[in-house]
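K.L.:
The listed protein sequences derive, respectively, from chains A and B.
When you number the first sequence by the numbering used here, it's gap-free, plus one each residue, and the end is 457.
When you number the second sequence by the numbering used here, it's gap-free, plus one each residue, and the end is 914.
A virtual CB, placed ideally from N, CA and C, is assigned to each residue, including glycine.
All values derive from a computational prediction rather than experimental measurement.
Below is one structure. I have some questions about it.
2 protein chains.
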Amino acid sequence: MKNYILTILIIIPFFVLSQTDEKVISDIYTNSLTKGQSYNWLDYLSNNIGSRLSGSLGAEKAVAWTKEELEKLGLDKVWLQPVMVPKWVRGIPEFAYIETKPGNTIKVNICALGGSISTPSTGLKAKIVEVSGVEELEKLGRDKIKDKIVFFNRPMDASLINTFESYGGCVNQRYSGAMEASKFGAIGVIVRSMNLRIDDLPHTGSMTYGDISPIDRIPSAAISTKHADLLSGMLKLDSNIQFYFKQNSKQLDDVLSHNVIGEITGSEYPDEYIVVGGHLDSWDLGDGAHDDGAGCTQSMEVLRLLKLSGIKPKRSIRVVLFMNEENGLRGGNKYAEIAAQKNENHIFALESDAGGFTPRGFYFDCNQSNFEQILSWKSLFKPYLIHFFELGGSGADIGPLKNETNVLSGLKPDSQRYFDYHHAPNDTFDAVNKRELELGAATMTSLIYLIDKYGIL
Amino acid sequence: MKNYILTILIIIPFFVLSQTDEKVISDIYTNSLTKGQSYNWLDYLSNNIGSRLSGSLGAEKAVAWTKEELEKLGLDKVWLQPVMVPKWVRGIPEFAYIETKPGNTIKVNICALGGSISTPSTGLKAKIVEVSGVEELEKLGRDKIKDKIVFFNRPMDASLINTFESYGGCVNQRYSGAMEASKFGAIGVIVRSMNLRIDDLPHTGSMTYGDISPIDRIPSAAISTKHADLLSGMLKLDSNIQFYFKQNSKQLDDVLSHNVIGEITGSEYPDEYIVVGGHLDSWDLGDGAHDDGAGCTQSMEVLRLLKLSGIKPKRSIRVVLFMNEENGLRGGNKYAEIAAQKNENHIFALESDAGGFTPRGFYFDCNQSNFEQILSWKSLFKPYLIHFFELGGSGADIGPLKNETNVLSGLKPDSQRYFDYHHAPNDTFDAVNKRELELGAATMTSLIYLIDKYGIL
């Protein structure tokens, strides 16, 4: 009998607790799917503001507008955090063609990579040499590369299930291709777009010159996958064909911009901070709907859903819309710098920056015991088909907040379609499904709710 | 020491076996994602053949073309199974408007429901009464319904995670709305489209008159969700507004069509049959890309991937492309009837008929011990993010094959976007993502491989 009573005493509170969590999480999902705001916000951000490259008018409009929207939510604090950001501009549209013989040209679709210098104003024409990666440059040697345009054409590996892994296996061509090729005397670089589909869209993205002196820097552009295949096929027929491209990009001086921050101050542990965020800047070609308008509006929605679901956080919950993830990470670094200066105890941070697709779960960057604590909540997510809880990365913007004790996390949406839109002109609102976006927001809110309630042990 | 050896003896074969299965399944996925044919097939089926309503020219073209394609695969047998199917035709496009007063009209988008009779050739105009379901008819009573058009407007429940459940909670309005409303003297029925989005597209689908005599039958059409909201809003302002619609549909005599069947004959147990299939017919408004071109081309791909991956099945594997799932299920019934006549032992059947979206897992219709056998394979699917293994339904076409001992299964893709396209003009090839389709085909092939290898215990 004693055992029986003891069991009851142990089981009942657990049962009550767990029933409550189930109910709260169910309310969060229902509110997101039936009274959600994330989709309307994303509509405005994508269609009324549009692209938001750091330092652009769009970025500044987005800062002002998201601050206004957060203020409407009745949070405890909303503020802008100043941060200096790089300003790179594309200039007038790029132009490129393949020339089989003088006067015989085929126009191809390219875009300057973010951070690249311009070509000479008359453009650049040269023979082109195809490689499947920076590793191949050494093998070819300076003789075969000097005065040529290097064409990096290693495609993303379609056999990998996680498309971010495919991206990871290719992106060094884009990021450091120009830097490496210039060391062998190349005069320009063309990179196959980081896209698993064969289509007409060039995908931009960041690149670096490292510590190469300005005089040795060479222009670098992405070419659409369809035209990469075309170019490669033509090179096989005739290695003497020429490639012409002209781009008009320019790096200007840094300008002032802002992270946008909103806070619900904790009722019991106001000095423990939980951050949820995405990056407000985007590349300039599309409207940054998936990357990362989705993550921003989902993060804003987390605080709104907490309030709408009647949850009064014990800890301080902040939404942070980071500026300049794409070409500098200045916002993420600044936020962490200020947090350190103020000695703020950030126990948890969650980033959504992998598109507004059906959520599958989370990656975590934490120690084993914190991970096990989180795994104990996994069954609460099962009704929502959230099944993926793995150690791994988190998010670029929140990365600088990592310390020995806290937990960072990244939302993991379904990744199959992400690189169809990533950094490309078609990253627009119509590519986002309302329910998929809303399920992501609800999933994030549910995790934030549990972290706030139980803390990081 | 004895125990040690025993352990080795038990563990090693298991390990080897399981390593082999991992490798085979990995090859299946890689082949589907890098050498797949499902997407090209779907392109042809959607864009060169198009819609395939039973009895239509499209359906007959699809029968001939899929038979040809299966013949190219070098299967052991390919044949057509004759089946008589209903033939319903839409006729010239529908036309409808809301009339606030004579001469003051707003055009709205409707489509006749499959199986509905035509309106009179001059159309039908009457007052309209909105209900939220067939249950409400009784409450309103004959007086308020007689000589009116009944407007069924219960929306799909957005709070449910599985959109098929939302559909299940609404579809009786479409299926039996006209039959029920006619009993109360209604002269026509308009049904809110089964769509979770607010957009301009009417979604068709099957309806029935049950045993109502031809003279009492009334025409029934679907209205787009946007216009359903408009109509509902206008009715709240003025319940006297009139609704006009004209449709030109007609049920013709049954015609001969075919199921398309291909078989790899089993090397050890040729008399044990495993079926994988989808339905080749579609509604007439779009191209039937998701419903169910995707399921058909994935099913064809299963047999192709088995061969490509060097798997020689022990049991006979059949792909069956069923005719007439949408408005009759004649193909599914015919296949089961012939299988019973021939005393064929169908141990397993798998259907894909929930769209070509990222696969999440399977539903199973089987006893507990078979289910546990299948669950023991679950970890093999984890690298592919296939996590959903639940008892539940299977597929309409394979349902008639169920007996006490066999196992039926339905592929469960992500359901969030399905009803954006279901039975609507936008169910076209561009709505299907290549990788999502290919992952589905690989997932199906992997399960078929395991069922074939280990049998149903």
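For the pair the region 851–860 of chain B and the region 900–910 of chain B, tell me if three or more CB-CB distances fall below 8 angstroms.
P.N.:
In short, these stretches do not touch, since the Cβ pair count stays below three.
K.L.:
Going along the chain, which unbroken runs of the alpha helix (DSSP H) with 4 or more residues stay wholly within the region 122–206 of chain A?
P.N.:
135–140, 142–145, 163–168, 171–182, all fully within the region 122–206 of chain A.
K.L.:
Do you know offhand how far M613/B's Cα is from V591/B's?
P.N.:
In a straight line, the C-alpha of M613/B is about 15 angstroms away from that of V591/B.
K.L.:
Identify whether C823/B lies in helix, strand or coil by the three-state DSSP scheme.
P.N.:
Correct three-state label for C823/B: coil.
K.L.:
Which residues of chain A have a Cβ atom closer than 8 angstroms to the Cβ of A406/B, listed in chain order?
P.N.:
No statement about residue 406/B is possible, as the shown extent of chain B runs from 458 to 914 and does not include it.
K.L.:
List the endpoints of the continuous beta strand (DSSP E) containing W545/B.
P.N.:
Taken as a continuous stretch (DSSP letters only), the beta strand (DSSP E) holding W545/B covers 534–546.
K.L.:
Between I451/A and F348/A, is the Cβ-Cβ spacing less than 8 angstroms?
P.N.:
A contact, by the Cβ cut-off of 8 angstroms.
K.L.:
Taking S224/A and L196/A to be in contact with their CB atoms under 8 angstroms, please state how far apart those CB atoms are, rounded to whole angstroms.
P.N.:
Not confirmed; about 13 angstroms, so no contact.
K.L.:
How would you list, in chain order, the residues of chain A whose beta-carbon sits under 8 angstroms from the beta-carbon of Q873/B?
P.N.:
Ordered by position in chain A, the residues that pass the 8 angstroms Cβ test against Q873/B are T358, N433, R435, E436, L439.
K.L.:
Quick test of your reading: V481/B and S714/B, contact by CB under 8 angstroms. State the CB separation rounded to the nearest angstrom.
P.N.:
Rounded, the Cβ-Cβ distance is 37 angstroms, inconsistent with contact.
K.L.:
Taking only beta-carbon positions, decide if Y384/A is within less than 8 angstroms of chain B.
P.N.:
Yes, its Cβ sits closer than 8 angstroms to a Cβ of chain B.
K.L.:
Evaluate P770/B with the Cβ neighbour count: other Cβ atoms within 10 Å of its Cβ, from every protein chain shown; 16 or more gives buried, anything less gives exposed.
P.N.:
Result: buried.
K.L.:
Are the Cβ atoms of L33/A and M300/A separated by less than 8 angstroms?
P.N.:
No, they are not a contact pair.
K.L.:
Along the alpha helix (DSSP H) that carries E847/B, what are the first and last residues, could you check?
P.N.:
Run containing E847/B: none in the alpha helix (DSSP H); it sits in the beta strand (DSSP E), 845–848.
K.L.:
Does the beta carbon of I374/A sit closer than 8 angstroms to a beta carbon anywhere in chain B?
P.N.:
So, not an interface residue.
K.L.:
Start and end of the beta strand (DSSP E) containing R318/A?
P.N.:
First-last of the beta strand (DSSP E) with R318/A: 315–322.
K.L.:
Helix, strand or coil: how does DSSP classify A442/A here?
P.N.:
Note: A442/A maps to helix in three-state DSSP.
K.L.:
Measure the alpha-carbon distance for G262/A versus D292/A and round it to whole angstroms.
P.N.:
About 18 angstroms.
K.L.:
Which residues mark the beginning and the end of the beta strand (DSSP E) in which F876/B is found?
P.N.:
Segment 875–878 is the alpha helix (DSSP H) holding F876/B; no beta strand (DSSP E) there.
K.L.:
How about I451/A: is its C-beta nearer than 8 angstroms to some C-beta of chain B?
P.N.:
No, I451/A lies away from the interface with chain B (no Cβ there is under 8 angstroms from its Cβ).
K.L.:
Report, in whole angstroms, the separation of the C-beta atoms of I212/A and S182/A, which I expect to be a contact under 8 angstroms.
P.N.:
That belief holds up - the Cβ atoms of I212/A and S182/A are roughly 6 angstroms apart, short of 8 angstroms.
K.L.:
Keeping to the same chain, check which residues put their C-beta closer than 7 angstroms to that of I500/B; ignore five residues upstream and five downstream.
P.N.:
Note on residue identity: the sequence assigns Asp, not Ile, to residue 500/B. Cβ within range, chain order: F886.
K.L.:
Who are the Cβ neighbours of H145/A in its own chain at under 7 angstroms, not counting the five residues just before and after it?
P.N.:
Going by the sequence as given, residue 145/A is Ile instead of His. Excluding residues within five positions, the ones whose Cβ falls inside 7 angstroms are V129, L137, A181, F184, G185, A186.
K.L.:
Quick one, which residues of the region 386–417 of chain A are near chain B if we go by CB-CB under 8 angstroms, in chain order?
P.N.:
Per Cβ criterion, the list reads H387, F388, D414, Q416, R417.
K.L.:
Can you pull the chain B neighbours of I128/A, defined as C-beta to C-beta under 9 angstroms?
P.N.:
None at all; the shortest Cβ gap to chain B is about 26 angstroms.
K.L.:
Taking the alpha-carbon of D728/B as reference, which of V759/B, W740/B, K693/B, S773/B has the nearest alpha-carbon?
P.N.:
Selected option, being the one with the closest Cα: S773/B.
K.L.:
Are any of the Cβ atoms in chain A nearer than 8 angstroms to that of T487/B?
P.N.:
For T487/B, the answer is yes, since a Cβ of chain A falls inside 8 angstroms of its Cβ.
K.L.:
Is I161/A close to chain B? Criterion is C-beta to C-beta, closer than 8 angstroms.
P.N.:
Yes - at least one Cβ of chain B is within 8 angstroms of the one on I161/A.
K.L.:
Along chain B, in chain order, which residues have C-beta atoms closer than 7 angstroms to that of L196/A?
P.N.:
The contacting residues are R892.
K.L.:
If you follow the alpha helix (DSSP H) that G719/B is part of, which residue opens it and which one closes it?
P.N.:
Careful: G719/B lies outside any alpha helix (DSSP H), inside the beta strand (DSSP E) at 707–721.
K.L.:
Any idea which residues DSSP pairs E556/B with across the strands?
P.N.:
Its beta-bridge partners are T562/B, Q699/B.
K.L.:
Along the chain, where does the beta strand (DSSP E) containing F838/B start, and where does it finish?
P.N.:
No beta strand (DSSP E) holds F838/B; the alpha helix (DSSP H) holding it covers 835–838.
K.L.:
Cα separation between K869/B and Y244/A?
P.N.:
Rounded to whole angstroms, K869/B to Y244/A spans 49 angstroms at the Cα level.
K.L.:
What are the start and end residues of the alpha helix (DSSP H) that includes I567/B?
P.N.:
Per DSSP, I567/B belongs to no alpha helix (DSSP H); it is in the beta strand (DSSP E), 567–569.
K.L.:
Looking only at DSSP bridge pairs, what is F429/A linked to?
P.N.:
Answer by DSSP bridge pairing: none, since F429/A is not bridged.
K.L.:
Per DSSP, E404/A forms a beta bridge with which residues?
P.N.:
According to DSSP, which records beta bridges pairwise, E404/A is partnered with nothing at all.
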